[in-house]
Structures are given as C-alpha cells and as structure tokens.
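S.K.: Before I ask anything, here is the structure I am working with.
Residue numbers (the working numbering): -18 to 518.
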C-alpha cells in the first residue's frame, strides 16, 4: 500500500505547467540562485526579494542543480515534505495512540483534499507545515507519560531544531505559534512541570544554530533586510491590510470543512471527544488536549489576522489527522457508515454540477478552458463516489480498516485528478504556452521589457529576467534599494524602445491595443488572453 501511495503521490508532479503567481515566483528565485551562484540574497526577476526565508529556495535550487529545471523539480520540495508529513503522522500516532490509530491518521492526512492539493503545488506552506508538524510531534513524544529521560531530551532537541527549520521556511510563525500553544496548554492544564523538561538552554542554542546563520549573513550583505523581513513581512502582515488579502473572519470555516473531506463528520466528532476523553490527573500529559489547543489556537490566529490566504490554515491538518485517526481506530462500522453517508450527495453534486463551472469564464480565462476542465472534475467526482460506496459497503459489514483504506486511496486520486485537470486552464494560468512561441525570438543579451505587468511564470520558462516598466508589484521594496533596475514610466520606456535595434516586450492585450492605436512601432509575435509579446519592427 505504501508503494502505491508513494507512486500516486509523486507521479503527477510534472504534468501541469507552473501556475501563476506563486509557482512562478518560487521557481524563479531558485533558478536565479543557480544562475548567479548567489544563494544568500534571494532575488526575484533580478531584484532583491525579502518576503520569505531561504530554506525552500535552497531546496529547489538544489533540485534544479541535480535534476534540471523541470516542473516536477520545482514542486519536489512541497511533494517531499507533504509525503514525509504523512509518514510522520503515522509514526506519531502509533507511539501515542497505537498502531491502528497511526495508520488511520496517515490515511486521513494523505487523503484530505486540501492537504493533497497543496502537496503538489510549489508554495511555501507545505514545507512550513511539515516542520511545524515535526515540532508538535517531537513535543508530544518528548512529554508523553512513560518517556524516558533520554527520550525526552532527544525529542526536545528535535523539537528545537524543527522550530529553527520552520523559521527558515516561513518566518516567526515557526516559533511563535508552537510557543503560544505550549503556554496555553500549561495555563489550561495547570501543568508547569513540563517546562522543566523543555531543555530550554541547549534547545535555544540548537534553534539559534539552525535559524540564525542565514539571518545574520543576509543582514550583513543587505542591511535593509531585518526591518523589511521582521517588521513589514511578519508583524505588519498580521496586524494590517498592507498586503490586500482581506477576507471575512469566517473564511477558514469553509476552507477546513472542504479541505478535510472526506473526513468531515469524523473531524467534528474527534474535536468534541478530544477534550472529554483526555482528563488526566494534574502533571500528567494530555496529548489530545495539546492537539486540540494547537488546532483551535492556530485556527483563531489566522482567522483574526488581517491577511488571509487558503494555504495559511494547513498547519492544523496533521493535528486534525491525529485526532481523527485516534477516533477511527475506536469507531464501529455502524458509526463510520453514518458518518460517511454525507459523501454520497457531495460526490454526486460535484458530478452533476461540474458543467456549471463554465460560468466562471471571463475574458482572461475563457469558458472554453473551463469546459476542458469539466471532464476532470467529473472523473474526480466518480472516484470519490465509487470510493465512498465501497467504503460504505465495508463499514456496513463492520470492516473499518478496509473502509478507511479504500476511501483514502479514492480521495487521494480525487485530489490528484483535480490537480491534473487544472492544467486545462494553463493557457491562461501559465505562461508556458506563450513562452514556447517566443523562444525562437530570444537572443543573448537582448533587452526584454515587462510593460505595466509582471507575469510570474514567464521568466522560469525563458530562463532570463525582464526589465520592469511602470510596474513594481511585490518588488517595490527591492526596487527602492536598486532603482536602476527598472523604468518608472511608460513614456520613458517608449523613448528607449524606439531607439533599440532589437528588443522584446510583454504587456497585457489591452496595453498592446492601446499602443497600436498610438502607432508605437512594434511587431506582434505571440498573444493570448493575458499576455501580448512584441519585438521592435
């Protein structure tokens, strides 16, 4: 089963073109590290980029160095940490609640819709989720009743190292969130004895040894880094709306409910029982309560934040899987049958209403592309429906383990089919197709301008940076440090353009149409719904 799961997990990585904007960004920064040889200062489009730490950039740059610059290599870190997270939740569940609970937890995590989807996209959230999961797992294993002095010490060392790697993955949340969870647990349980078993002295040294070296070297090379990274990107991102990712406070309720499918009702029951079933005497460790506090606090933390994106909530999923796995290991077939019935109408609704997705069509993403996506959605829905029906049959016969296994494998396949089907939108969601059209026109050293826009997925596919024109996007701070690397106005660019013997430029179709009306000299070489590429005449 492990071999089947591993093959199913990694097989689709190269199928899709890189998706804008995140996959382009997090492929381009490592590509530039390999190209320039500078692995200390992250750069996006040749411009200093300090929004995130460097661990995933290094991992992807290493993959590019070893295997070449492929779609699958760009996604490898997310996929690898996602799969390791499944194995880790198995090992943790087995030690805490028994082998059956560990198996169930791994099946739940490896088939939860959001976890599988984000495990195949080149973003930072899966990497930080894995190291936060390792932080939590090491804490649970170190503090559990019956752990020897040696086990406590070694697991706490792992915990501190994992927090350092979390810090290098996405910043302060890697230590702030676990630290707050530990404090809340101590307050709620009135258990202060565990603080004596944290190995704070050596632990802080381990954390510092892991996290500090890059933070120090990048600050030495770039004195502007500390303020932007720690204040602007860590504190102000949470407290203000500077990033424009404002969504209602209840945003993550539907995200978690859809993302945990097909384990929605087991999730509710496991959360309810986590508190009631863990009532230890004072100074006895309560792992279920710590898992519950982890889930509730992180959920509230990101719900309260003024900056919200769907992947932010991912770190609660391993903890949810552990609680659900513990519950499923003690669930009767009759109970599981009732809990899984809801998946039948959900799968049927996805199958029946999939054609309605064409209504999402727009000028930039035509309905015809969504129509190509529909068969993939329907295939995913059929996989879900078939897996649910088979799981219901097994659970009706009181065969819980086969029921969970078959539904987990079908649900993993459902998410994979959805992920692969999204490639139907790639003519709009990725610059891959248009990059192939313009490659014959590229020549070494020839200027290439990006006018009034920046297409994140274009530089990775043409292996070069662009000169920004009248557009800063997320590179505004970097351009303040290196203003010579862009052209601030369109008028200034036009004066340069007409004097160039040969150059290229990419722009939006509407900008191209305006330049045609203005009779700006240029020759169209490629165009799609989002981009138009021209050369000098």
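Backbone N, C-alpha and C define an ideal beta-carbon position, used for all residues, glycine too. Note that the structure is a prediction, hence the values are computed from the model and not measured.
If we call anything under 8 angstroms between Cβ atoms a contact, is residue 493 one with residue 513?
M.R.: Here residue 493 is taken as the residue at index 512 of the chain shown, counted from 1. Here residue 513 is taken as the residue at index 532 of the chain shown, counted from 1. It is a contact, given that the beta carbons lie within the stated cut-off.
S.K.: Please report the distance separating the alpha-carbon of residue 24 from that of residue 96.
M.R.: Numbered from its first residue, the chain shown carries residue 24 at position 43. Numbered from its first residue, the chain shown carries residue 96 at position 115. Whole-angstrom Cα-Cα distance: 29 angstroms.
S.K.: Between which residues of its own chain and residue 238 is the CB-CB distance below 7 angstroms, once the five residues before and five after are set aside?
M.R.: The residue given as residue 238 occupies position 257 in the chain shown. So the list reads 245, once near-sequence residues are dropped.
S.K.: For residue 351, which residues does DSSP report across the bridge?
M.R.: To locate residue 351, count along the chain shown from 1; it is residue 370. In the DSSP output, where bridge partners are listed per residue, residue 351 has none listed.
S.K.: Determine the extent of the alpha helix (DSSP H) in which residue 56 is found, giving its start and end residues.
M.R.: Within the chain shown, the letter at position 75 stands for residue 56. That run of the alpha helix (DSSP H) goes 52 to 78.
S.K.: Just reading off the alpha helix (DSSP H) that residue 305 is part of, what are its end residues?
M.R.: Here residue 305 refers to the residue found at position 324 of the chain shown. Run containing residue 305: 298 to 309, per the alpha helix (DSSP H) assignment.
S.K.: Mind checking whether residue 309 and residue 369 have CB atoms under 8 angstroms apart?
M.R.: On the chain shown, residue 309 is found 328 positions in, with the first residue counted as 1. On the chain shown, residue 369 is found 388 positions in, with the first residue counted as 1. Contact: no.
S.K.: What are the boundary residues of the beta strand (DSSP E) that includes residue 507?
M.R.: For this step, residue 507 is matched to residue 526 along the chain shown. Where residue 507 is concerned, the enclosing beta strand (DSSP E) stretches over 504 to 508.
S.K.: Alpha carbons only, please: which of 151, -17, 175 is nearest the one belonging to residue 68?
M.R.: On the chain shown, residue 68 is found 87 positions in, with the first residue counted as 1. Nearest option by C-alpha distance: -17.
S.K.: Could you check how far apart the C-beta atoms of residue 49 and residue 114 are, in whole angstroms? I think they sit under 8 angstroms.
M.R.: On the chain shown, position 68 is the one that residue 49 refers to. On the chain shown, position 133 is the one that residue 114 refers to. Not a contact, Cβ separation roughly 30 angstroms.
S.K.: Looking only at its own chain, which residues have a Cβ that is under 8 angstroms from the Cβ of residue 447, when we skip the five neighbours before and after it?
M.R.: Against the chain shown, residue 447 aligns to sequence position 466. Closer than 8 angstroms at the Cβ level, and outside the excluded window around residue 447, lie 26, 429, 430, 431, 435, 439, 440, 487.
S.K.: Under 6 angstroms Cβ to Cβ from residue 293, same chain only, skipping five residues before and after it: list those, please.
M.R.: If you number the chain shown from 1, residue 293 lands on position 312. The answer, listed in chain order, is 283.
S.K.: Report the CB separation of residue 137 from residue 155 in whole angstroms; it is logged as a contact under 8 angstroms.
M.R.: Position 156 of the chain shown holds residue 137. Position 174 of the chain shown holds residue 155. Not quite, the Cβ-Cβ distance comes to about 16 angstroms (not below 8 angstroms), so this is no contact.
S.K.: Going by other Cβ atoms of all chains shown within 10 Å of its Cβ, with 16 needed for buried, is residue 189 buried or exposed?
M.R.: By 1-based counting over the chain shown, the position of residue 189 is 208. Looking at its Cβ environment, which holds fewer than 16 other Cβ atoms inside 10 Å, residue 189 is exposed.
S.K.: How would you call residue 459, buried or exposed, if buried means at least 16 neighbouring beta carbons within 10 angstroms?
M.R.: Taking the chain shown and counting its residues from 1, one reaches residue 459 at position 478. Result: buried.
S.K.: Going by other Cβ atoms of all chains shown within 10 Å of its Cβ, with 16 needed for buried, is residue 376 buried or exposed?
M.R.: Indexing the chain shown from 1 puts residue 376 at position 395. So residue 376 ends up on the buried side.
S.K.: Does the segment 411 to 420 come close enough to the segment 375 to 391 that 3 or more CB-CB pairs lie under 8 angstroms?
M.R.: Touching, no, given that fewer than three Cβ pairs across the two stretches are closer than 8 angstroms.
S.K.: Quick one: measure Cβ to Cβ for residue 413 and residue 506, integer angstroms, because I've assumed they're closer than 8 angstroms.
M.R.: In the chain shown, the residue the question calls residue 413 occupies position 432. In the chain shown, the residue the question calls residue 506 occupies position 525. About 16 angstroms separates the two Cβ atoms, so there is no contact after all.
S.K.: Give me the residue from 10, 72, 433 with the minimum Cα distance to residue 55.
M.R.: Against the chain shown, residue 55 aligns to sequence position 74. Taking only the C-alpha atoms, the option nearest residue 55 is 10.
S.K.: In the segment 354 to 401, which residue ranges form an unbroken beta strand (DSSP E) of at least 3 residues, counting only runs that do not cross its ends?
M.R.: Whole beta strand (DSSP E) segments, 3+ residues: zero.
S.K.: Helix, strand or coil: which one does DSSP assign to residue 24?
M.R.: Residue mapping note: residue 24 aligns to position 43 of the chain shown, counting from 1. Strand at residue 24.
S.K.: Could you check if residue 307 is buried or exposed, using at least 16 other CB atoms within 10 Å of its CB as the buried criterion?
M.R.: For the purposes of this step, residue 307 is identified with residue 326 of the chain shown, where counting begins at 1. Its Cβ being crowded by 16 or more others within 10 Å, residue 307 is buried.
S.K.: I'd like the list of long-range same chain contacts for residue -13, defined as Cβ closer than 8 angstroms, with 5 residues on each side in sequence excluded.
M.R.: Taking the chain shown and counting its residues from 1, one reaches residue -13 at position 6. Excluding positions up to five away in sequence, the list reads 64.
S.K.: Assuming residue 90 and residue 70 form a contact by the criterion Cβ under 8 angstroms, report the distance between their Cβ atoms to the nearest whole angstrom.
M.R.: For the purposes of this step, residue 90 is taken as residue 109 along the chain shown, with counting starting at 1. For the purposes of this step, residue 70 is taken as residue 89 along the chain shown, with counting starting at 1. Between residue 70 and residue 90 the Cβ distance is about 5 angstroms, and since that is below 8 angstroms, they are a contact.
S.K.: Could you check whether residue 192 and residue 149 sit closer than 8 angstroms to each other, using their CB atoms as the reference points?
M.R.: On the chain shown, position 168 is the one that residue 149 refers to. On the chain shown, position 211 is the one that residue 192 refers to. Yes. Within cutoff.
S.K.: Relative to the alpha-carbon of residue 153, which residue among 134, 169, 170, 112 has its alpha-carbon at the smallest distance?
M.R.: To locate residue 153, count along the chain shown from 1; it is residue 172. Selected option, being the one with the closest Cα: 112.
S.K.: Go ahead and pull the three-state DSSP assignment for residue 448.
M.R.: Here the question's residue 448 lines up with position 467 in the chain shown. In the structure shown, residue 448 sits in a strand (DSSP, three-state: E or B).
S.K.: In three-state terms, what does DSSP make of residue 96?
M.R.: Within the chain shown, numbered from 1, the residue matching residue 96 stands at position 115. DSSP places residue 96 in helix when its eight states are reduced to three.
S.K.: Taking Cβ positions, are residue 33 and residue 151 nearer each other than 8 angstroms?
M.R.: By one-based count along the chain shown, residue 33 stands at place 52. By one-based count along the chain shown, residue 151 stands at place 170. Result yes, Cβ atoms of residue 33 and residue 151 sit closer than 8 angstroms.
S.K.: Could you tell me whether the segment 78 to 88 touches the segment 125 to 139, using the rule of 3 or more Cβ pairs below 8 angstroms?
M.R.: No, because fewer than three Cβ pairs between the segment 78 to 88 and the segment 125 to 139 fall closer than 8 angstroms, the two stretches do not touch.
S.K.: Would you call the segment 450 to 469 in contact with the segment 29 to 43, where contact means no fewer than 3 C-beta pairs closer than 8 angstroms?
M.R.: With the cut-off at 8 angstroms, the segment 450 to 469 and the segment 29 to 43 touch.
S.K.: In the DSSP output, which residue or residues are listed as bridge partners for residue 486?
M.R.: Taking the first residue of the chain shown as position 1, residue 486 is located at position 505. DSSP lists 430, 515 as partners of residue 486.
S.K.: Classify residue 418 as helix, strand or coil using the three-state DSSP reduction.
M.R.: Sequence index remark: in the chain shown, residue 418 carries index 437 (1-based). Reduced to three states, the DSSP call for residue 418 is helix.
S.K.: For the alpha helix (DSSP H) that contains residue 106, what are its first and last residues?
M.R.: As a first step, residue 106 is located in the chain shown; it is residue number 125 there, counting from the start. Per DSSP, residue 106 belongs to the alpha helix (DSSP H) from 106 to 124.
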